[in-house]
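Remarks on the structure that follows.
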Amino acid sequence: MDPQSTIVLGKAVGAGLAMIGAAGGGIGIGLSVGGAVMAMGRNPDHTPTIQTNMILGVAFAEAVAIYALVVSLIILFVLS
Amino acid sequence: MNSFWNGKRRYVALLLFLAGVFVALVVPPVIPFIQLPGENLPAGYDIPFTDIRITNTLVAAVIVWILLLLFVVYIARRRPSDGSEVPPGGFYNMFEALYEGLMGFIGGIAGGPHFRLIFNMFMTIFLIVLLSNWMSLVPGIDTVGFIHAHTKEKFDPATEEYKVITTDGFEIYQGFLGISYVNGQCDWISPEDEAAADATALARAETAALAAQQSQLEADAYQRYQAAHGGHGDETHADEASDDHGDDHATETDASDAMAMARQDVLNARTAEKQARRDRGCYTGVGLSSWEDGYEQAEKDGKKAPIPLHPDPKSEDAKRVPWVVLPWVRVASTDLNMTLTLAIIAVVMVQYVGVKALGIGYFTKFFNFSTLFKSPLGGIDVAVGLLELIGDFAKVLSFSFRLLGAMFAGAILLFVMSFLVPILPWPFFILEFFVGAIQALVFALLTAIFMQLATISHHHDDDHDHADAH
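Quick mapping for you: the protein sequence lines, in order, are chains A and B.
So in numbering that gives the first Met the number 0, spot 73 of the first sequence is number 72, and the numbers just go up one at a time.
So in numbering that gives the first Met the number 0, spot 39 of the second sequence is number 38, and the numbers just go up one at a time.
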């Protein structure tokens, strides 16, 4: 295999492995939204507060997935 | 107007869809070129009288600022001056509804003595990020621009300057007034490198010549040894022995011949290498100081002429190098410079609000030595304070990479979907519409929440407990 193909192979595999981190973000978002929906179902009066906190939690959980995405984007498009 | 359009809008949509199909058939989409850092506009578009290059994301950022300024002027002029409660309607009315909604929202989170400051910061960041995110939905942005050779910069250790080359090793000559030329398929070699390669070739020729001389002399010595000691052998003939003296003379010339041949071999290889580069149209190196020299030399030799950096995409020239589109405008939030700047501003403003609310005592949040010798667990407070300090630096990273990641991924999604399904990419534009709004809201909301947290004293609960105890 020539060096160029090796580099492409390494980049593709590395970017794919980096995206495993997105799974954690997905689980986190699922848990927080699930909890928030259950809470809103129990006491709908507190929906605005719960929604705000839920969006915040989702943003934090999503941030982790986006870090993984940034790492894989850097591997793909910045490393040469 | 309304009655005219009743029931006819579906045909407009159908017409647009058919136009999309037609355009996708006539102008087939190309695989986009994806680059994370903002691209520099070509030479000639830099800030006058400086070497500062303008990136296409900076163009988008400036457009956002101008739009925001116009927006502020418009809102200020449309605002009823008599304080009447009747809204003037239209765009102003929509903005007022949005403004009031967000004001209530932030009031619920950060309502307090510093509400105005926090809300102003929130709204400013929200509008800037929202506008720059939604720019990715405007046709032509990210897609229309210069067609140019796909370039990168290579450091030249000899001159300690960066040279622009294409990613395939084509050299680009920066010509007059930003008109640049790509030469043929060359490895980039500076005149100094070329001279150094010549010197190396000469040295290698000398080494090869010496080696050849040595081996020739050894061979001769072995032959003479054979001749001298093999004399007793049956196969030795008288006539060979009589030629002995003549043979000795011949070996001298053999050795110098071998030296010259070995030297010439190496030098010939070097000349052939240079000629091969020249045949490919590479006129860099010795004796050529500019692309004009190379151009003239190429014409004289009847070789491939240099290619203009911005050629007609359909010409033969364009097939010789990898061409990419350099968009005039690229969404500002897909550049780390923009998001990092906003993140630093946000975090610095968080510290400002904290100092404004709590005075110099705000910094005991980070350097908390007050309980170090009072309580057995005081060391934990110190560690927690240092963690808070690290956490504030991490906030800059998380702010900037969250926005950058979300918007850059969105831009790639739009590129790829426009390439894969050129007639129906608009569901993804709707997705991007929401992602842009949510990311802007999250950025601004987190700033507001961190500001609110910074205004709360850490020792408030402790003081309260003490007051209760006394």
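Virtual Cβ for every residue (Gly too), placed ideally from N, Cα, C.
Handout entry: N132/B - DSSP class collapsed to helix/strand/coil
Key = helix
Practice task
Write down the C-beta distance between A443/B and F94/B rounded to the nearest angstrom, noting that I regard them as a contact closer than 8 Å.
Solution key: Going by Cβ atoms, the distance from A443/B to F94/B rounds to 16 Å, so no, they are not a contact pair.
Practice task
Confirm, please, whether the CB-CB distance from L68/A to G110/B is below 8 Å.
Solution key: no
Practice task
Please report the residue range of the alpha helix (DSSP H) in which Q3/A lies.
Solution key: P2 to A17
Practice task
Note down the Cα distance separating P375/B from G353/B, rounded to an integer number of angstroms.
Solution key: 29 Å
Practice task
Assuming D264/B contacts A207/B (C-beta within less than 8 Å), just tell me the rounded distance between them.
Solution key: 7 Å
Exercise for the section: Would you tell me roughly how many angstroms separate the C-alpha atoms of T446/B and T363/B, rounded to the nearest one? Expected result: 21 Å
Handout entry: Three-way DSSP call (helix, strand, coil) for L266/B in this model
Key = helix
Practice task
Could you tell me whether the Cβ atoms of M134/B and I140/B are closer together than 8 Å?
Solution key: yes
Problem - Rounded straight-line distance, which links the Cα of I6/A to that of F372/B - result: 56 Å
Handout entry: Contact list for G107/B against chain A, beta-carbon separation under 9 Å
Key = P47, T48 and T51
Handout entry: Residues near L413/B by beta carbon distance below 8 Å, same chain, minus five either side
Key = S135, D141, P424, F427, F428 and E431
Exercise for the section: Answer yes if the segment 327-342 of chain B comes into contact with the segment 51-59 of chain B, meaning at least three C-beta pairs across the two stretches below 8 Å, and no otherwise. Expected result: yes
Problem - 7 Å CB neighbourhood of R78/B in its chain, flanking five on each side removed - result: none
Handout entry: Short CB-CB distance (under 8 Å) between A58/A and chain B
Key = yes
Problem - Residue-level contact to chain A via CB, A408/B, 8 Å cutoff - result: yes
Handout entry: Euclidean distance between Cα positions of A64/A and G25/A
Key = 8 Å
Handout entry: Straight-line gap, N20/A to A210/B (C-alpha atoms, nearest Å)
Key = In the sequence as presented, Asn is not what sits at residue 20/A; that position holds Gly. Roughly 60 Å between the two C-alpha positions.
Handout entry: Closer than 8 Å to chain A by CB, L97/B
Key = no
Exercise for the section: Answer yes or no: do G37/B and D334/B have a C-beta to C-beta separation smaller than 8 Å? Expected result: yes
Exercise for the section: Confirm, please, whether the CB-CB distance from M416/B to V349/B is below 8 Å. Expected result: no
Exercise for the section: Over the uninterrupted alpha helix (DSSP H) stretch that includes G33/A, give me the two end residues. Expected result: G20 to R41
Exercise for the section: Please go through the same chain and pick out, in chain order, the residues whose beta-carbon is closer than 6 Å to the beta-carbon of S241/B, but skip the five residues on each side of it. Expected result: With a pLDDT of only 47 at S241/B, under 50, the local geometry of the prediction cannot be trusted, and no value is derived from it.
Exercise for the section: Name the two residues that bound the continuous alpha helix (DSSP H) containing Y474/B. Expected result: For residue 474/B there is no data in the structure shown, the boundaries of chain B being 0 and 469.
Exercise for the section: Work out the CA separation of K10/A and S116/A for me, nearest whole Å. Expected result: A query on residue 116/A cannot be resolved here, the shown segment of chain A reaching from 0 to 79 and no further.
Problem - Cut-off 7 Å between Cβ atoms - residues of its own chain near G13/A, not counting five sequence neighbours on either side - result: I74
Handout entry: Top-ranked residue by Cα proximity to F118/B, from L101/B, P421/B, A75/B and R223/B
Key = L101/B
Exercise for the section: Would you kindly check if the distance between the Cβ of A342/B and the Cβ of F433/B is under 8 Å? Expected result: no
Problem - Three-state secondary structure (DSSP) of G144/B - result: strand
Exercise for the section: Could you name the residues of chain B that L68/A contacts, counting a contact when the two beta carbons are closer than 7 Å? Expected result: G404 and A408
Practice task
Report the three-state DSSP secondary structure of L339/B (helix, strand or coil).
Solution key: helix
Exercise for the section: Measure the C-alpha to C-alpha separation of L66/B and V137/B and round it to an integer number of angstroms. Expected result: 14 Å
Exercise for the section: Quick one: using the 10 Å Cβ neighbour count with 16 as the cut-off for buried, is F3/B buried or exposed? Expected result: exposed
Exercise for the section: Return no unless some Cβ of chain A is closer than 8 Å to the Cβ of V72/B. Expected result: no
Exercise for the section: Whole angstroms is fine: what's the gap from Y98/B's alpha carbon to F125/B's? Expected result: 11 Å
Exercise for the section: Give a yes or no on whether 8 Å exceeds the smallest Cβ distance from L445/B to chain A. Expected result: yes
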